[in-house]
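Working notes for the structure below.
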Amino acid sequence: MKKLLLILTCTLLPALGFAQLPAHLEGRMEYPVFDFHPWVGVVKTKAKKLDYDKDLNYKIAIDITDGITDSTQVMGTLLEVARTYNLNIANGVPKRKLEMAVVLHGGAIQGLLKNEAYLKKFGVPNPNIQAIEIMKKAGVEFYVCAQVLAFRQVPEEDIIDEVEITLSAKTALITLQQMGYTYMRI
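The sequence shown runs contiguously to residue 186 in the numbering used here.
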């Protein structure tokens, strides 16, 4: 019984407060670019260490494997992508010097399904589509691993148009690193 209570506490408690900021952060958040969810904001601060360097281009390759925990909410990993973008903008990086490429594989592919396929699987519309569309318009690139699609029997045509299909996550991440992107796992 104690084990069951612990499991329920660990899984349900985070879900209850997921879409709302804690009271101590109210009024302290800013949303430089993306504002489609409370958790993609940046806490206002006076910190000045490792500020934006005008001589650098900021290229980030984000590796995502974590899947859906709540089919009615935007995946937490996608919120972190938007937050990472916002953090860089808040740190002074101009949009023209910020490039982000997101490579999704593993369980994360479920969040990339077109509405019809998502509805069939989860019974609700895909809440991730709008977040991806917004980030894509800002220049964030999205890639999905064709190997995982094949192994998990997800037809390529079920993936939303904003996401490019690449041979594999491994080769995509290697190529991005060779192109000067910094690897970041979310």
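Beta carbons: idealized from backbone N, C-alpha and C, even for Gly.
Given the structure is predicted, the values throughout are model-derived calculations rather than measurements.
Counting the other CB atoms within 10 Å of its CB gives R83 a total of 16 or more, which places it among the buried residues. Residue range 98-104 is occupied by the beta strand (DSSP E) that includes L104, with no alpha helix (DSSP H) assigned at that position. The DSSP assignment places 163-166 as complete runs of the beta strand (DSSP E) inside the segment 154-180, in order along the chain (cut-off: 3 residues). Where T84 is concerned, there is no enclosing beta strand (DSSP E), although the alpha helix (DSSP H) around it starts and stops at 76-90. Judged by their CB atoms, M75 and A108 are nearer to each other than the 8 angstroms cut-off. In the displayed model, F142 falls within a strand according to three-state DSSP.
About 15 angstroms separates the beta carbon of D63 from that of M179, a gap too long to meet the 8 angstroms contact definition.
A Cβ-Cβ distance of about 5 angstroms is found for the pair V124 and T72, placing them in contact under the 8 angstroms criterion. Residue burial is scored here from C-beta neighbours: H24 has fewer than 16 other C-beta atoms within 10 angstroms and is therefore classed as exposed. Per the coordinates, the alpha-carbon of E133 lies some 24 angstroms from the alpha-carbon of V43. Annotation for Y118: the continuous alpha helix (DSSP H) segment containing it runs 115-122. Separation of the CB atoms of F142 and L104 is rounded to 7 angstroms, and the pair is thereby assigned contact status at 8 angstroms. Cβ-Cβ distances below 8 angstroms link M29 to L21, P38, G41, V42, V43, K44 in the same chain, with the five nearest sequence neighbours on each side left out; the list follows chain order.
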